[in-house]
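S.K.: One structure, as structure tokens, below. Some questions next.
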Amino acid sequence: MTKFKTELETFDEFDEALNPPPAVTDFDRVVDEALSRRGFLGGVMAFGAGTFVLGTSALTSMPAVAAGSRLGFDQIAANTMDAVTVPNGYSSQVVVRWGDPMFSGVAEFDHATRGTGESQASAYGDNVDGMALFELGDASVLVNNNEYTNRSVMWGNRPDGKFETDDDVLKGLQAHGVSVVEIAKGANGWAMVKDSPYNRRITPKTEMEITGPGAGHALLQTAADPSGTRCFGTWNNCGNGRTPWGTYLACEENFNGYYSSSDPDIEITAAQKRYGVSVKDRGYGWAQIDERFDIARHPNESNRNGWVVEIDPSNPESMPKKRTALGRFKHENAEVVVNGDGHIVVYMGDDERGEFLYRFVSSGVYAEGADNSDLLAEGALYVAKFHPDGSGKWLALTPQTTGMSSQAEVVIHARMAASAVGATTMDRPEWVAANPKKAEIYCALTNNKNRAIKTNAGGDATPPVGPNPRAENNYGQIVRWWPANADHGADSFRWDLFALAGNPTVHKDAYGGSVNINDGNMFNSPDGLFFDSKGLLWIQTDGNYSNKGDFAGQGNNQMLVGDPATGEIKRFLVGPKECEVTGAAMSADGKTLFVGIQHPGERGNSHWPEGGDSVPRSAVIAVTRDDGLPLG
Ligand code: FEO
Ligand code: CA
Ligand code: CA
């Protein structure tokens, strides 16, 4: 519908509309040089070709599958129903929804008004994303990002789907952040425990500490906080991480779209442009109720976002900590690995077209039972360089390598630092997941329609080579790599592609996907990745659900399972209409898989989960086997 056109822009499209990157490549020329010349468009994905490296498992998966599959369920068909579908022998139920009150005395969700600023501050946030489940004594505590809100749903009680009052704006603001709730399994399945002492909303108003090399730097100082060490809030938290010392990592992604300028003529700096900060917000109106979102008055406020935020779910009074050592960019998630030598390694994607993949290595080492609480405060930051021959390097980001004045500047302007060292522009790095069974890491590269068409926002070219081999890539792929000597601290690695998503019924060339993609399991836009304890890779999608044209036969967004050893991929779950499936966590006994359903009905065509004429509500669901055995 035309009236919601602005809302239906993706975050990237919003950024590009305000700050178009230059087109640097002639499509025909680049494709000709990088693809056709190497036989790529001829429909043959050559073994070991220079253009890209396909995993041997991806090429041989079908025979391996026939010999015995570890994916012990009947694949479900793609579909476009307004429901969650799972395989025969499995069931799903809703655990908690946007607007569910977390405390007594807070009103139940009101479908007519969709709540108020006050009710939303004590109710479950909107648009669930990354999550983790913590076992704290006898309590199961779910920590869950509330990435953003769909304005047309949040303010669907207004005639044009836009905010009208300051309280409307506040309601939207309070729906962002993180929800922490105890959950328990009773006679009717899993449910939130209202009034649990663990229950907590973290919102854009929650006070936070800024730690690490950026703390106190002039770029982080504001009128309200001349020390540059205290800020308020987190928002647009996409994926997540969890640490072995029991904390949760919320990752700030498209933080820029909440800032605007009371003076439309102010000059936007190069750094603001690189991060998409502009005079116009995306329609949230936060500057209307809080002047810190006005960049004309408080230009450094937006430097206090784009970080990984560490939260201790065991203590509802604890102050979240922004970890500047991990770099400032549009964070997807933060995959934490304890390296063999005890150093903490965190792998992180920057989800924007042509941005980069990063690694943090802690200065200190992890020791069970010791005080590990500040391991993310100090360490080295790296960015990935992929070579087309299947090798790769981690390039250190330091004042020496980047020409920047200090490590504080390096982390605050990490994107520019990474450009300075010549990192590989990627097809929107989304979640990273580490295989618990071996030193092997996967990253979903969701899609990039600008590949070989436009530069990234920093002017870096986007040639179609290496792990990003297809120009105008609307399907996405999953890259994986193996650190040298199984050492996550090593500076070199080998890589290949686990899967190229595509549509083999429409395309007979590389856009048909890798050999482990077929008519039965095809999907587009891999996004969430999650390993279970058996070493199976769960893949969630956030893509085109039109089920037409290039996407015919792919249905609604979904969740699949992949076997790293064989390359086999099977569809396990399909979400309701116009949703994204994102965020996952397994119960301690392996018998329940929690999954996030985000923005059902973002175009106005869902009433999930309550049906009838109800407002669609993002929710966490629990998936179990009917025979009570563990999943997977
Ligand atoms: Fe919030 Fe990159 O997805
Ligand atoms: Ca995502
Ligand atoms: Ca996505």
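Numbering of the sequence shown is given in our numbering, commencing with residue 57 and proceeding in unit increments. Cβ atoms here follow ideal geometry from the backbone N, Cα and C, with glycine treated the same way.
Under a Cβ-count criterion, where at least 16 other Cβ atoms within 10 Å of its own Cβ denotes burial, should Q456 be classed as buried or exposed?
M.R.: exposed
S.K.: To the nearest angstrom, how far is it from the Cα of N356 to the Cα of G362?
M.R.: 12 Å
S.K.: Mapping DSSP to helix, strand and coil, what is P582?
M.R.: strand
S.K.: Specify whether the segment 448-455 and the segment 488-507 touch according to this definition: at least 3 beta carbon pairs, one from each stretch, less than 8 Å apart.
M.R.: no
S.K.: Count the other CB atoms within 10 Å of the CB of E203; is the residue buried (16 or more) or exposed (fewer)?
M.R.: buried
S.K.: Using only the alpha-carbon positions, how far apart do D619 and G341 sit?
M.R.: 45 Å
S.K.: Distance, Cα to Cα, A621 vs R360?
M.R.: C-alpha of A621 to C-alpha of R360: approximately 42 Å in a straight line.
S.K.: When we look at the beta-carbon of T516 and count the other beta-carbons within 10 Å, is it buried (16 or more) or exposed?
M.R.: Note that residue 516 is Asp in the sequence shown, not Thr. It counts as buried.
S.K.: At a cut of 8 Å, does the segment 385-397 reach the segment 292-309 through at least three beta carbon pairs?
M.R.: At 8 Å Cβ cutoff, the stretches touch.
S.K.: In angstroms with no decimal places, state the Cα-to-Cα distance between A195 and A240.
M.R.: 8 Å
S.K.: Taking P253 as the reference, give the member of G599, V236, R484 and T136 with the closest Cα.
M.R.: If we check each option's Cα against that of P253, V236 comes out closest.
S.K.: Taking C-beta to C-beta, are T290 and G272 nearer than 7 Å?
M.R.: Taking 7 Å as the cut-off, the beta carbon of T290 is found no closer than this to the beta carbon of G272.
S.K.: Find out if the Cβ-Cβ distance for the pair G591, A470 is shorter than 7 Å.
M.R.: Result no, Cβ atoms of G591 and A470 do not sit closer than 7 Å.
S.K.: Quick one: any contact between the segment 164-183 and the segment 267-283, if contact means 3 or more CB pairs under 8 Å?
M.R.: no
S.K.: Is it the case that the Cβ atoms of G667 and I653 are separated by a distance below 7 Å?
M.R.: no
S.K.: Less than 6 Å between the CB of C294 and some heavy atom of ligand 2, yes or no?
M.R.: Residue side-chain check: C294 places its Cβ nearer than 6 Å to a non-hydrogen atom of ligand 2.
S.K.: Anything with a beta carbon under 6 Å from a heavy atom of ligand 3 counts; list them all in chain order.
M.R.: E486, T502, D583 and D598
S.K.: Taking the alpha-carbon positions, what's the A274 to M248 distance?
M.R.: 43 Å
S.K.: Going by the C-beta, is E411 closer than 6 Å to any heavy atom of ligand 1?
M.R.: no
S.K.: Which ranges does the beta strand (DSSP E) cover as unbroken runs of at least 3 residues, wholly within the segment 524-565, from first to last along the chain?
M.R.: 533-539 and 548-556
S.K.: Cα separation between G611 and V467?
M.R.: 40 Å
S.K.: For the alpha helix (DSSP H) that contains R330, what are its first and last residues?
M.R.: A326 to R330
S.K.: Looking at D407 and ligand 1, is the gap between the Cβ and the nearest heavy atom below 6 Å?
M.R.: yes
S.K.: Within the present structure, is the beta-carbon of E388 separated from the nearest heavy atom of ligand 1 by less than 6 Å?
M.R.: Yes, the beta carbon of E388 sits closer than 6 Å to at least one heavy atom of ligand 1.
S.K.: Please name the residue, chosen from G623, N213 and E634, that lies closest to Q614 on a Cα-to-Cα basis.
M.R.: Of the candidates G623, N213 and E634, E634 places its Cα closest to the Cα of Q614.
S.K.: Could you please give the first and the last residue of the uninterrupted alpha helix (DSSP H) stretch that includes I345?
M.R.: W342 to I345
S.K.: Candidates T680, P282, Y146 and G302: which alpha carbon is nearest G193's?
M.R.: G302
S.K.: Along the chain, where does the alpha helix (DSSP H) containing R338 start, and where does it finish?
M.R.: Segment: none, R338 is in no alpha helix (DSSP H) and carries neither H nor E.
S.K.: Measuring alpha carbon to alpha carbon, tell me which residue in L437, F311, A231 and G435 is nearest E408.
M.R.: Per the Cα distances, F311.
S.K.: What's the gap between the Cα of K377 and the Cα of D224?
M.R.: 29 Å
S.K.: Which residue marks the beginning of the alpha helix (DSSP H) containing L229, and which one marks its end?
M.R.: D222 to Q230
S.K.: Pull up the CB-CB distance for G448 and S316, whole angstroms please, since I reckon it's below 8 Å.
M.R.: Not really, about 39 Å apart at Cβ, beyond 8 Å.
S.K.: List the endpoints of the continuous beta strand (DSSP E) containing S147.
M.R.: Its beta strand (DSSP E) spans residues Y146 to R153.
S.K.: Looking at V394 and P525, is the spacing between their C-beta atoms short of 7 Å?
M.R.: The criterion of a C-beta distance shorter than 7 Å is not satisfied by P525 and V394.
S.K.: Kindly identify the DSSP beta-bridge partner or partners of A436.
M.R.: V417
S.K.: If we count the other Cβ atoms within 10 Å of its Cβ and call it buried at 16 or more, is K604 buried or exposed?
M.R.: exposed
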